[in-house]
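According to my numbering, the sequence shown holds residues 56 to 854 in order.
We put the CB at the ideal spot given by N, CA and C, even for glycine.
On a predicted model such as this, the values are computed, not experimentally measured, just so you know.
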Amino acid sequence: VTRYVLRELSTPTLLGLGLYTFVLMMNWAFFVAKDAVTKDLDAGTVAGLVVYFVPHALILSIPMGTLLGTLIAVGRLAADHEIVAIQASGVPATYLVRPVLVHGALATAASALIYLVIQPAASDRLEALKRRLVTINLTSELKPRVFFTGVPGAVVYVDEIPAGSDRLQGVLLYQADDGYGYEQLMLAREGYLRPSPEERGTIELDLRDGVTHNFRTSVPETYRPSKFGRYLPKPLRSPAYAIASGGPRPKFVQQMSPAELIAEIRRLEKEQDPTIREIRRRYAWVELHQRIALPVACFLFALLALPLGVGRVRSGRAAGFALSIAVVLVYWVAFTTAREQALHGNLPPALGVWAGNLAVAVWTAIAYAGFRRGPRERSGSGLFAIALQGASRLRRIVAAPSRSPAAPGRLRVEVGSASPAPPGSRPAGLVSLLDRYVSALYLRSLLFALLSVYLIFAIVRVKSLLDSVVEHRRPMVMVLDYLKYFGPGELGTILPVACLLAGVVTLTIVGRTGELTAAKAAGMSAHRVALPILALTGALCVALFFLEDRVSPFTNRKAQEARDRIEGRSARTYGMLPGGRWTFGSGGLLYHYRLYDPATQTFQGLSVYRVDFATPRIVEHRFAEEARWSGTTWMAVRGWSRTFPEDLSAGGGYERFETARLDGLDPPDNFARTERLSLAGDDLPEQTPLADLRRQIAWLGGSGYDTTRLRVAFHSRLARPVAPLVMVLLGVPFALFVGRRGSLYGIGVALGLVIVYWAAFAAFTALGTETLLPPLLAAWGANVLFGVVGGSLFLYVRT
56 VTRYVLRELS TPTLLGLGLY TFVLMMNWAF FVAKDAVTKD LDAGTVAGLV VYFVPHALIL
116 SIPMGTLLGT LIAVGRLAAD HEIVAIQASG VPATYLVRPV LVHGALATAA SALIYLVIQP
176 AASDRLEALK RRLVTINLTS ELKPRVFFTG VPGAVVYVDE IPAGSDRLQG VLLYQADDGY
236 GYEQLMLARE GYLRPSPEER GTIELDLRDG VTHNFRTSVP ETYRPSKFGR YLPKPLRSPA
296 YAIASGGPRP KFVQQMSPAE LIAEIRRLEK EQDPTIREIR RRYAWVELHQ RIALPVACFL
356 FALLALPLGV GRVRSGRAAG FALSIAVVLV YWVAFTTARE QALHGNLPPA LGVWAGNLAV
416 AVWTAIAYAG FRRGPRERSG SGLFAIALQG ASRLRRIVAA PSRSPAAPGR LRVEVGSASP
476 APPGSRPAGL VSLLDRYVSA LYLRSLLFAL LSVYLIFAIV RVKSLLDSVV EHRRPMVMVL
536 DYLKYFGPGE LGTILPVACL LAGVVTLTIV GRTGELTAAK AAGMSAHRVA LPILALTGAL
596 CVALFFLEDR VSPFTNRKAQ EARDRIEGRS ARTYGMLPGG RWTFGSGGLL YHYRLYDPAT
656 QTFQGLSVYR VDFATPRIVE HRFAEEARWS GTTWMAVRGW SRTFPEDLSA GGGYERFETA
716 RLDGLDPPDN FARTERLSLA GDDLPEQTPL ADLRRQIAWL GGSGYDTTRL RVAFHSRLAR
776 PVAPLVMVLL GVPFALFVGR RGSLYGIGVA LGLVIVYWAA FAAFTALGTE TLLPPLLAAW
836 GANVLFGVVG GSLFLYVRT
């Protein structure tokens, strides 16, 4: 019996471990994917970032997986009456404590091995890898004639980098202080990039022979240009990690082995400063206790799961998962709250770290007291009895078979069973054999649909680039570089189409082969058959949201950069930077602007510099709060202009204006190609994470600029991840109406729905951009309209 129960415990525990590890690593995976794109990391570096983070995730996922696996296994034994069989053979149910103790001890041993031995070494390796990535970010990515925006608040442009040299030729550096509105533009003949010897975690740019311009566009009278022979601007600070500046690298307590932690505690006893001694001792003791308390939690979770699992005979796996989340939540709240108090010195380190374990131990004692009283006495009692009864009712509603008023006493058959079930027996569970079958068929169809739609998009894009490849004599490898990055950005368009095609094809196949009829005969409604498709699509919507926020903005920048190189365009910045966007024009003109709207051909916050890298100097600087194309020239509103002679002491010219012509600038077609239009506006919002886009909208709105188009794009970014679910919800009724007409008929219906949906989405977006609809309604209008239509049709489909 012990061996049998241990085998039953192992499988769901491993599944729970995999599930929770995946969930805990998901957010980190998005950060790694972003770094892999922005820094062009090799496969070995990416693998290192993932592998060295796994022990950190396992520290939490092993206790959670142990709890979930034990709840599911014990609940399965109870539901199949195997515990009753054990008791009928003369063995009490409490005998199951023995295999559960062994199971918890094994999980505790594995967790302790990882936390005490593997995790400190992995954490140290991960920190070293992060430090190296900063150097890669600030040096390797600096390319000739490409704007570098990898450092917050700064833009660096280098005209030439001689091979095998650390010398930069023709350097342009822009730094902005958004807190006070000051801007600084530097132009130097040459410069050198190296780690700062004074401040850890920064890069120093040593500029030689150039000019610097300090100004505030709102107060042009304070403009201060000057020349320099050598200038050290404000250090460039890394956005995430620190750079080693030589010497031994100190370890954090998380990177120390247990022996090093004990040595650190003993060393701190001799620390002269009482404040530093007390704070560091608390952190070291908390870390040491934590490395024992978290593995022991595995043992306590396994013990607690036995009485909880036996008491949930008819609750199923879903209730086991919900109950495991509730237990972990209780533990984690107690653990983190008391731990924070211990770090602040309000509780002893031992009490603060072990508070969560004490709470679970008390809960376990209460649960075993009820467990020993027997099922009759504990029936209906317990902390989660009411919640689980509600979950059980919900499960029965979702899994309930269709009933006909004319035949209340008809025979019902459970899907996958060999014989009819008597009236009143339990219907199929939340995850039945048919659910797994439909899910597998849907995922297989989705994979084929994704590959097919992606291939179509890729062929169209390559065809549009071939003329530029021939015209500018670019190597074909540049096209492959573009295809490598354009995929994630197009997923917001590709995935809804693929989900709709896969959902329609899946249901038409099930209907054409008669399997839908068999499911109905077995007591499952058409709504219930379609449920796994909707559930999987909802999970894909969540993944799409995180992908579009964490990864796609950076792949979109890389893809557009590759396309600009193929088409021979001038260097420019990508995304919505805090200081605005930069691009070179003709005749030595450099444009810096907050926003450009190709539809109205209007700039907002435009600065135009005429630069000379050979001298080097800035010949002219013109600024306008707004500039609009009149058909023949640019008309500027509320601005000023300055000219700078070679001898800056001569003063130069200065003029303010309310309206003026800006002659000599590039025509709007040049900027329209740079700011190419898409359904959501232009490429600027698509290259910006949502948090940055929200901040820029607030800043531009506070400065009086029109942000309608950006607000529509922001809400569209939130609405677009819901599109797969809306389109599947719309396609499911049509797929069920199609019946036995075949998959090709279903595909035709799906393609028609795609055209109608995206046409409506584009129409709503256009109305929002023209201020005829509020941005929120413009972005969500198509989803709400088609969601209501699809939901209504879905509810009225024959079940």
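In this structure, Q239 is the residue among L262, M533, Q239 with its C-alpha nearest to the C-alpha of R279. Going by DSSP, E680 is part of the beta strand (DSSP E) stretching over 672-684. Per DSSP, G547 is one residue of the alpha helix (DSSP H) stretching across 532-567. Residue pairing for S281: DSSP places it in a beta bridge opposite T267.
In this structure, the straight-line span from the alpha carbon of Q230 to that of A91 is close to 26 Å. Exposure of H399 is indicated by the presence of fewer than 16 other C-beta atoms within 10 angstroms of its C-beta. By the neighbour-count criterion, in which 16 or more other beta carbons inside 10 Å mark a residue as buried, I673 falls on the buried side. At the C-beta level, V597 and V809 stay beyond 8 Å of one another. For the set V534, T66, E701, the Cα lying nearest the Cα of D619 is the one of V534.
One thing to note: Y386 has its Cβ within 8 Å of the Cβ of A414. One thing to note: A393 has its Cβ within 8 Å of the Cβ of G411. In this structure R58 is exposed. Its beta-carbon is surrounded by fewer than 16 other beta-carbon atoms within 10 angstroms. In the same chain as M119, and ignoring 5 residues on each side of it, the C-beta atoms closer than 6 Å to its own belong to Y75, V383, in chain order.
Apart from sequence neighbours up to five positions away, no residue of its chain approaches V515 with a beta-carbon distance below 7 Å. The closest CA to that of R636, considering only G643, G246, D652, is found on D652.
The shortest C-alpha to C-alpha distance from K575 to any of F354, V584, R567 is the one to V584. The DSSP-derived three-state label of T392 is helix. Within the DSSP bridge table, the entry for V226 names V213, A243 as partners. Contact between H770 and I621 is absent: CB atoms are separated by about 32 Å, not below the 8 Å threshold. Note: W418 is not bridge-paired with any residue in the DSSP secondary-structure output. As the crow flies, the alpha-carbon of R677 is around 28 Å from that of K198. The secondary-structure analysis by DSSP pairs V666 across a beta bridge with I673. Here the segment 152-171 makes contact with the segment 349-360; the two share three or more CB pairs at distances below 8 Å.
According to DSSP, Q659 shares a beta bridge with L650, E681. Taking C-beta atoms as the reference points, A594 and V852 fail to come closer than 8 Å.
About 5 Å separates the Cβ atoms of S379 and L122, confirming a contact at the 8 Å cut-off.
For the set E701, T714, W695, the Cα lying nearest the Cα of R683 is the one of T714. Listed in chain order, the non-local C-beta contacts of L184 below 8 Å within the same chain comprise T100, G103, L104, Y107, local neighbours out to five positions each way being set aside. Counted as a single uninterrupted DSSP element, the alpha helix (DSSP H) harbouring R321 occupies residues 313-323. Here D724 is actually not in contact with P587; their C-beta atoms are around 50 Å apart, not less than 8 Å. Residue pairing of M579 in beta bridges, as defined by DSSP: absent, with no partner found.
The beta carbon of T610 sits closer than 6 Å to those of V92, Y540, P543, G544, all from its chain and outside the five residues before and after it, given in chain order. D261 sits in a strand when the DSSP states are folded into three classes. As a beta-bridge residue in DSSP terms, R636 pairs with Y648. Per DSSP, the continuous beta strand (DSSP E) segment holding S696 begins and ends at 689-698.
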